[in-house]
Every structure is written in structure tokens, then in C-alpha cells.
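Residue 1431 is where the first sequence starts when you use this note's numbering, and the numbers rise one by one after that.
Positions of the beta carbon are idealized from the N, C-alpha and C atoms, including for glycine.
Values in this document were obtained by computation on a predicted structure and should not be read as measured data.
See below for the structure under consideration.
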Amino acid sequence: MAENVYVADIALHEGKEVTLHGWLHGRRSSGKLHFLQVRDGTGTVQCVVFKGNVTPEAFTEADHLPQETSLAVTGLVKKEPRSPIGFEIDVRSLAVHARPAREYPLGHKEHGVAFLMEQRHLWLRSPRQNVILRVRHTVEKAIRDFFDQRGFTLVDGPIFTPNACEGTSTLFEVPYFDLGKAYLTQSNQLYMEAAAMALGKVYSFGPTFRAEKSKTRRHLTEFWMVEPEVAWLDLEGDMRLMEEFVSFVVQTALAKHRDELSRVLERDVSKLDAVQPPFPRIPYTEAVEVIRRAQEAQRAALPPEEVAKLPPMMTWGDDIGGDEETLVASAYDRPVMVHRYPAAMKAFYFKKDAQDPSVALGCDVLAPEGYGEIIGGGQREDDLETLEKAIAHHQLPREAFEWYLDLRRYGTVPHAGFGMGVERCVAWICGLHHVRETIPFARMTERITP
RNA sequence: UCCGCAGUAGCUCAAUGGUAGAGCAUUCGGCUGUUAACCGAAGGGUUGUAGGUUCGAGUCCUACCUGCGGAGCCA
1431 MAENVYVADI ALHEGKEVTL HGWLHGRRSS GKLHFLQVRD GTGTVQCVVF KGNVTPEAFT
1491 EADHLPQETS LAVTGLVKKE PRSPIGFEID VRSLAVHARP AREYPLGHKE HGVAFLMEQR
1551 HLWLRSPRQN VILRVRHTVE KAIRDFFDQR GFTLVDGPIF TPNACEGTST LFEVPYFDLG
1611 KAYLTQSNQL YMEAAAMALG KVYSFGPTFR AEKSKTRRHL TEFWMVEPEV AWLDLEGDMR
1671 LMEEFVSFVV QTALAKHRDE LSRVLERDVS KLDAVQPPFP RIPYTEAVEV IRRAQEAQRA
1731 ALPPEEVAKL PPMMTWGDDI GGDEETLVAS AYDRPVMVHR YPAAMKAFYF KKDAQDPSVA
1791 LGCDVLAPEG YGEIIGGGQR EDDLETLEKA IAHHQLPREA FEWYLDLRRY GTVPHAGFGM
1851 GVERCVAWIC GLHHVRETIP FARMTERITP
């Protein structure tokens, strides 16, 4: 009786007769030889059916199996230099488990994005999507490992929340019994601050929801975010945590998937090798200067009528948009940390810089190669009175934040944290054009199926 | 919400206002080493929807629907 094996372990069984359970990925034929590409979730192996080695019925059947037939193949594991994995299976018998009820919609040639997204449940079977999902898994495990190794406690935040935590974003509304409306969380941060005062170093890792009608390659309505929060930590310490964290995640993914990233996803992995601490730090005010110089150079190279069509030059106080992010990030070979943003454009809970109260002690990490903001975070306001004023100034409902103010009433301490979007991080590591491929079933403004 | 582009065979795309086409996939046949194999044959269409212009509309016009790309906002 042949042993059941997975493709990933095939090298351990050279010369032995084994049985492989999988799906038919592709098929080629050459008269008295049929070549079956069989994938089992751990890899793909070529199974060679030679007319002399199987029954005539099996030989005929092997040449007529449609793509995605589920089957068991039994045969000898043979070393084969022409194979990408170094081995093949010399087939002795075939057992078809289920033939497709109809033609498999996804061929091996190109397809449009819309079609592939409609067939997402099947698209996951393709080699590229396989690699991406495996990288995502590694990234998620690396995130957990990084914080676990440093003594952080994983604290799960609520998904139903009573109000907008920052009072800005558009939230998904759901009816909630007799209490009126609840909202799907857009951030666990405030809850993590409470947890940090209890456990010191904490992080949450879960889904996040934004109802904004953003239609770009960087947006989903449902995405996964990791949000660490640390008591007794200032902005400088927070920034060190960010760069060490990002480097660890990238290097872990690289160590495990270097070959797949470059071979299947055609990622230039040398760009990821450079991701090591320290990351360049640049104050917002300096970033504005860098951007303005780049915009001036751009304008000097254009005729006046073209210049007139451009949006106005960036000035201090403007947000750093997608194009500006790329301008700043492209000057470096590793992620850039932009810190001390104008206080007016940041959420109420950011602590202001004692040296210059017009800026907040916040920091964003911009990924290279145009992938944009992957992390946002900073030091939180820990003074009760200042925070009360900030809530009033932002015209937020005071009573909703009473519990949050309690954190400052009872043993307040300096603390900081950040949030990282998993999908943007995976898209960057994999070198993908759009974040929709980094999550198994993307939720976007115009798509909720499958 | 705004701006732009596109909807033709299962998929990817062609088609001066004048007979609806190809590649892949499917089915059948050929080939003992194929790597997106190759060669031969066959089947496959209410051109997104509804109006309009015209002798004649896949093609031109209007509206709508769906999708894609971008902006704003954000991770």
C-alpha cells in the first residue's frame, strides 16, 4: 500500500511508491505519454502517465480529465532535473474522485480583474494567489511573534462600538437592540490604551471597517490591522518600535518566501533586503520642503500652460497625499518615518510637541516604491485637562469619552502606539498593484461577493 | 461624491456605418519528454439594457446599468 504524501515532502520519498491526493491543474499529451500537473495545496508536481505502465482504460482516461478534477495518483517518485521541484511521479494508477460538473472558468491565460474578482473563490487556487496567501500567513504570524517575544499581551478589542473613536471617518451602522445604533470598529486604539494601563504592553489584531467610498488600489472597506500600545513610551521609543517591527516582519517574510516572491510574483527582493533599522526620520516640516522643491523642479520642466493645470503647490498644513508620499519615499531605499505633523490635521488624542505646540507627536511610516502609508501612530495626550480641551475643540460628545478620560484620572502615564494595515504591508512585500489580492475575500465599495 | 475609460463566444480581444472574427478553453483525432507544448477538425453569438438617427448600427446620438482606473479620505 503506497503511503499518502504531500508535494512539499516529495523529496523524502524518492524511489518509493506514493499516493498523492490533489487537483488536476493542467495537462499535456504526447501520444504515448500524458503529463498531468497535480497540485495539492502544498505545491504542484508533474505526474507522467506512460502507456506501458497503466491499464489502457486509465491511459485513455488520463488524456480526457478536465482541469480541476480531484483525484488520487499513485506512482513512483523519481528525480527529474527538468522539473522545477526536482521530482516527478511516474504514474502506476489513477483514481478520479470527482470530475468537474462543468467547464472550469479559469484558464491558464490572462483574465481581466473584474472576472477574476467574481471568481475569487476559484482564483485562490492559482499559483500566484497561493503564494500571496502564504505570504500573508507568514506576515500575520511574524506580527504575533514579534510582539509575543517582547512580552506584549494580545488583547482583542470590540468590533461593535458605540461611537466613532476619532469622530472623523464614515462608519458602518448596524441596529443594536434597544440601544439604538452601533458601529463597526474603525480602530481599537482607545481600548488598547485602556488595556495598556492594565497590562503595560498590549496589541490588538483584528478586522477594521471603514465606510468611506474610497476607490483606490490602497483601500478596502474591511481590512486587518495590528495596533500595539505601550505604557511609559514616548514618540522616540514608538518610532524605534515601528522600525524594528516593520524590519522583522519584512525579513521574516523574505527568509521564508524569497524564492516564491521572486519566481512566482517576480518581486525584486533586493529592495526588501534593504529594510533594516534605522529608518530615515524626517519631520513633517522638512517633508513639505522636500515636496515643494520637487514640485518646483517639476514645474520648471513644463511649459506655463501645463503648469497652470497642476494643483497648487503644497504648503505647510496640507496633508501629504498619495503623490506627495511617493515623492518623499522615493528618495530612500527603505521606509521613511515622517513625524511631527501639524496638530490641526491629527486626531484629538495626539500629544502636542512641548517644543512646538503647533505640531503633534505623531509618526507615519511610508513604504518605498509608492506603496504609501503602512503605519500611523504616535504619543497620546496623557494630561486630563489638555485632553478635555481637545475633545471640546474637536466638538466631540464629551459623555462618550468619559471612560477614556478615566484613564487620565487614575494614574495617567506617557504612552504611545501605532496601527499597521496588514494588506498594505503584504501588497508592498509581494509587490502587488492592488491590496485586493492580499486578502482572501476583498470587501470594496462596489463588491461584496463572493 | 467628482473626473476619465470600457462593456462583442466560457475567457482575452479584433471588426471604414455594409455577410460576426481570431487566440485560449471545450469536444474529437494525431504525436514517447511536454513546460502557457505542438498539428488537424468541430461546436460555440439577442454585440450590457432601453430608446433614437439611418435604406442599413457592434460601430453614430441620448439615458440607464455594470465594471475598471484615478481624486478626495484614510491603514
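Cβ pair residue i, residue j closer than 7 Å
{"i": "GLU1674", "j": "GLY1849", "result": "no"}
{"i": "THR1591", "j": "ALA1641", "result": "no"}
{"i": "LYS1781", "j": "GLU1803", "result": "no"}
{"i": "ARG1770", "j": "ASP1749", "result": "no"}
{"i": "VAL1437", "j": "TRP1662", "result": "no"}
{"i": "PHE1639", "j": "GLU1652", "result": "yes"}
{"i": "GLY1807", "j": "PRO1772", "result": "no"}
{"i": "LEU1684", "j": "LEU1702", "result": "yes"}
{"i": "GLY1861", "j": "ARG1697", "result": "yes"}
{"i": "VAL1718", "j": "ARG1729", "result": "no"}
{"i": "ARG1566", "j": "VAL1795", "result": "no"}
{"i": "LEU1817", "j": "ARG1838", "result": "yes"}
{"i": "ILE1589", "j": "THR1615", "result": "yes"}
{"i": "THR1583", "j": "VAL1503", "result": "no"}
{"i": "TYR1621", "j": "ALA1612", "result": "no"}
{"i": "GLY1881", "j": "GLU1659", "result": "In the structure displayed, the chain extends from 1431 to 1880; residue 1881 sits before or after that span and is not available."}
{"i": "VAL1865", "j": "ARG1648", "result": "yes"}
{"i": "GLY1800", "j": "THR1756", "result": "yes"}
{"i": "GLU1754", "j": "ILE1721", "result": "yes"}
{"i": "LEU1454", "j": "THR1490", "result": "no"}
{"i": "SER1634", "j": "GLY1667", "result": "no"}
{"i": "PHE1480", "j": "LEU1501", "result": "no"}
{"i": "LEU1691", "j": "VAL1679", "result": "no"}
Nearest candidate by alpha-carbon position, reference residue i, set the options
{"i": "GLY1473", "options": "PRO1713, GLN1549, PHE1871, SER1556", "result": "SER1556"}
{"i": "ILE1562", "options": "MET1874, PRO1787, ASP1689, ARG1839", "result": "ASP1689"}
{"i": "SER1644", "options": "TRP1553, ARG1873, PRO1880", "result": "ARG1873"}
{"i": "THR1879", "options": "PRO1798, HIS1551, GLY1482, PHE1602", "result": "HIS1551"}
{"i": "ASP1813", "options": "HIS1823, ARG1828, HIS1845", "result": "HIS1845"}
{"i": "GLU1487", "options": "LEU1524, LEU1691, HIS1451", "result": "LEU1524"}
{"i": "ALA1432", "options": "ILE1440, THR1449, ASP1493", "result": "THR1449"}
{"i": "ALA1759", "options": "MET1743, ASP1786, VAL1705", "result": "VAL1705"}
{"i": "THR1646", "options": "LYS1611, GLY1752, LEU1554, PRO1514", "result": "GLY1752"}
{"i": "LEU1650", "options": "ALA1441, ILE1440, VAL1852", "result": "VAL1852"}
{"i": "PHE1517", "options": "HIS1687, LEU1546, ASP1439", "result": "ASP1439"}
{"i": "PRO1798", "options": "HIS1538, VAL1585, SER1677", "result": "SER1677"}
{"i": "PRO1870", "options": "GLY1800, VAL1680, TRP1654, SER1700", "result": "TRP1654"}
{"i": "ALA1628", "options": "GLY1537, LEU1691, ASP1836, LEU1826", "result": "ASP1836"}
{"i": "PRO1741", "options": "PRO1733, GLN1725, GLU1755, THR1756", "result": "GLN1725"}
{"i": "ARG1670", "options": "PRO1733, GLU1754, GLN1809, ASN1560", "result": "GLN1809"}
{"i": "ILE1821", "options": "ALA1774, VAL1479, ILE1515", "result": "ALA1774"}
{"i": "GLY1636", "options": "GLN1619, ALA1626, PRO1708", "result": "GLN1619"}
{"i": "ARG1522", "options": "THR1485, LYS1571, PRO1535", "result": "THR1485"}
Simplified DSSP assignment, three categories, for residue i
{"i": "ILE1750", "result": "coil"}
{"i": "ARG1529", "result": "coil"}
{"i": "MET1669", "result": "helix"}
{"i": "LEU1791", "result": "coil"}
{"i": "LEU1732", "result": "coil"}
{"i": "GLN1809", "result": "strand"}
{"i": "VAL1585", "result": "coil"}
{"i": "SER1692", "result": "helix"}
{"i": "GLN1825", "result": "coil"}
{"i": "TRP1654", "result": "strand"}
{"i": "LEU1684", "result": "helix"}
{"i": "PRO1798", "result": "coil"}
{"i": "GLN1616", "result": "coil"}
{"i": "GLY1841", "result": "coil"}
{"i": "MET1953", "result": "There is simply no residue 1953 to check, as the chain begins at 1431 and stops at 1880 in what is shown."}
{"i": "ASN1593", "result": "coil"}
{"i": "SER1500", "result": "strand"}
{"i": "PHE1465", "result": "strand"}
{"i": "LEU1450", "result": "strand"}
{"i": "THR1638", "result": "strand"}
{"i": "LEU1702", "result": "helix"}
{"i": "ALA1872", "result": "coil"}
{"i": "PHE1709", "result": "coil"}
{"i": "LYS1782", "result": "strand"}
Expected contact under 8 Å - CB spacing of residue i and residue j to nearest Å
{"i": "CYS1477", "j": "LEU1665", "result": "About 58 Å; that fails the 8 Å criterion."}
{"i": "ALA1761", "j": "LYS1776", "result": "Contact doesn't hold; Cβ gap of about 24 Å is too wide."}
{"i": "ARG1854", "j": "MET1547", "result": "Between MET1547 and ARG1854 the Cβ distance is about 19 Å, and since that is not below 8 Å, they are no contact."}
Distance cut-off 6 Å: residue i Cβ against heavy atoms of the ligand ATP
{"i": "LEU1732", "result": "Of ligands this structure carries none, so the ligand ATP is not represented either."}
Query raised in the report: Touch check for the segment 1498–1516 and the segment 1436–1447: three-plus C-beta pairs under 8 Å?
Result: Short answer: they touch.
Report task. Specify whether the segment 1464–1482 and the segment 1528–1546 touch according to this definition: at least 3 beta carbon pairs, one from each stretch, less than 8 Å apart. Result -> no
Report task. Would you check if the segment 1708–1718 and the segment 1758–1769 touch, i.e. whether three or more CB-CB distances between them fall below 8 Å? Result -> yes
Query - Inter-stretch contact (C-beta, 8 Å, three-pair minimum) for the segment 1528–1535 and the segment 1493–1502 - result: yes
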